[in-house]
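Heads up, the sequence shown is in the numbering used here, so the first residue is 87 and it goes up one at a time. No residue lacks a Cβ here, since even glycine has one placed at the ideal position from N, Cα and C.
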Amino acid sequence: MNDIFKTIGSPRTLSQEVVRTIEENILNKKLMPGQKLPTEKELGEMFGVSRTALREAMQVLSAKGLVSIRKGSGIYVNNFSELDASKNMSLYLEINFDEDYALHLVELRQIIEPHNARLAALHHTSEDIENLEINLEEYSKANISAERHAQLDLEFHKTIADATGNPLISLLTTPLFNLMPKIKSMIVDKVRHNIIHNALNYHRNIFEEIKAGNENGAYEAMKSHLEVAMEDTRLLIEALKAERLLKS
Numbered sequence: 087m088n089d090i091f092k093t094i095g096s097p098r099t100l101s102q103e104v105v106r107t108i109e110e111n112i113l114n115k116k117l118m119p120g121q122k123l124p125t126e127k128e129l130g131e132m133f134g135v136s137r138t139a140l141r142e143a144m145q146v147l148s149a150k151g152l153v154s155i156r157k158g159s160g161i162y163v164n165n166f167s168e169l170d171a172s173k174n175m176s177l178y179l180e181i182n183f184d185e186d187y188a189l190h191l192v193e194l195r196q197i198i199e200p201h202n203a204r205l206a207a208l209h210h211t212s213e214d215i216e217n218l219e220i221n222l223e224e225y226s227k228a229n230i231s232a233e234r235h236a237q238l239d240l241e242f243h244k245t246i247a248d249a250t251g252n253p254l255i256s257l258l259t260t261p262l263f264n265l266m267p268k269i270k271s272m273i274v275d276k277v278r279h280n281i282i283h284n285a286l287n288y289h290r291n292i293f294e295e296i297k298a299g300n301e302n303g304a305y306e307a308m309k310s311h312l313e314v315a316m317e318d319t320r321l322l323i324e325a326l327k328a329e330r331l332l333k334s
C-alpha cells in the first residue's frame, strides 16, 4: 500500500491531505469496501504525519461515512450503499426544509414523476402491479390515520419509481418522497381536509393507465395529479403566512 499512502509534502493541513488522499483512493477503487487499512502507527509512518493529525483525518472520513473505526479491530473502508446515499440527501432536505423547499419539491416532482409513470407503464412487472393494488386497497380504508395515509401516498409514488426498472430513478427520488408525508399532513390539517379522497381518485387513474400499459395516459394522469399537488402546496404556504401575520 506504500504507493497509496505516501509522505505528505503539501501546504494544506496534514489531516486535510490525509483525508483527500484516502478519499481519492476510495473513489478510484484502489481502496475497496470492507478493506482494512493499515494501523494508525503504520499510516502515520507512511504519510509522515503525527498520530494526532491522522486521528483528525480518520474522524473526518468517519463522519463522511467513508470509513469505520472499530475499537480493537482497526479502520475499514465502508460499504457505501444506495441507502446511505439516500439517507444523506434525505437528511440535507430535512434540515433545509421550509416553504420554498416545499414548492421546489413539487416543481421537481412535476418534472420527474410524469416520466416515471410513462416508464412504469412500459416496464412494470406483475409484482409492481400487485404492490400498487395492495397500496390502493389499504389507502381506500376509512379507518386508518392521516399519518398512515401520508405514508401510503409516499409508498405509491415510490413503487411507481421502482416500476420504471431504472434503479437511479429510485435512488434520486426517494429523498424527495420522504418529505411528502410531512407536507401532506400539513395540507390536511390547514388547507384541504378532503385531500385523501381526491388523491385516491388520482392514484386509481394513474394505476389503471400503468396497468394497461398506456404510457401517454399514465404520463397525463400523473401530470394532472401533480398540478393539484402544486395548487395545494401554494394554498398551504398562503395559510402558513396568514398564521404568522395573525401572531405578529
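For residue 256 and residue 30, the rounded distance between their alpha carbons:
Since the displayed the chain opens at 87 and closes at 334, residue 30 lies outside it and no answer follows.
Can you give, in chain order, each stretch of the beta strand (DSSP E) that sits fully within the stretch 94 to 175 and has at least 3 residues?
153 to 156, 160 to 163
Given residue 143, which residues of its chain have a CB within under 6 angstroms of its CB, disregarding the five upstream and five downstream residues?
On the sequence shown, position 57 is the one that residue 143 refers to. Correct list, in chain order: 101, 104, 105.
Check whether the stretch 233 to 242 touches the stretch 262 to 270, taking contact to mean three or more Cβ pairs, one atom from each stretch, closer than 8 angstroms.
yes
According to the neighbour-count rule (16 or more other Cβ atoms, all chains shown, within 10 Å of its Cβ), is residue 311 buried or exposed?
In the sequence shown, counting from the first residue as 1, residue 311 sits at position 225. Its Cβ being crowded by 16 or more others within 10 Å, residue 311 is buried.
Buried or exposed, going by whether 16 or more other CB atoms sit within 10 Å of the CB of residue 313?
To locate residue 313, count along the sequence shown from 1; it is residue 227. Classification of residue 313: exposed, given that the 10 Å Cβ count is below 16.
CA-CA distance, residue 97 and residue 162?
Indexing the sequence shown from 1 puts residue 97 at position 11. Indexing the sequence shown from 1 puts residue 162 at position 76. Residue placement at residue 97 is poorly supported in this model, since its pLDDT is 42, which falls under 50; the coordinates still yield a value, given next. Their Cα atoms are separated by approximately 28 angstroms.
Skipping 5 residues on each side, what residues in its chain have a beta carbon closer than 8 angstroms to that of residue 141?
In the sequence shown, the residue the question calls residue 141 occupies position 55. Around residue 141: 126.
Roughly how far, in whole angstroms, is the beta-carbon of residue 291 from the beta-carbon of residue 307, given that I think they are within contact range, below 8 angstroms?
Position 205 of the sequence shown, counting from 1, holds the residue named residue 291. Position 221 of the sequence shown, counting from 1, holds the residue named residue 307. About 5 angstroms separates the two Cβ atoms, so the contact holds.
Apart from the five residues on each side of it in sequence, which residues of its chain come closer than 6 angstroms, Cβ to Cβ, to residue 249?
Working through the sequence shown from its first residue, we reach residue 249 at position 163. Excluding residues within five positions, the ones whose Cβ falls inside 6 angstroms are 206, 210, 214.
With DSSP collapsed to three states, give me the class of residue 221.
Here residue 221 corresponds to residue number 135 of the sequence shown, with the count starting at 1. DSSP places residue 221 in helix when its eight states are reduced to three.
Rounding to the nearest angstrom, what Cα-Cα distance links residue 204 and residue 296 in this structure?
Within the sequence shown, numbered from 1, the residue matching residue 204 stands at position 118. Within the sequence shown, numbered from 1, the residue matching residue 296 stands at position 210. About 7 angstroms.
Assuming contact is defined by CB atoms lying nearer than 9 angstroms, are residue 152 and residue 198 in contact in what I supplied?
Residue 152 sits at position 66 when you count from the first residue of the sequence shown. Residue 198 sits at position 112 when you count from the first residue of the sequence shown. No; because the gap between Cβ atoms is not below 9 angstroms, this pair is not in contact.
So which of 273, 247, 242 has the shortest CA-CA distance to residue 225?
The residue labelled residue 225 in the question sits at position 139 within the sequence shown. Of the listed residues, the one whose Cα sits closest to residue 225 is 242.
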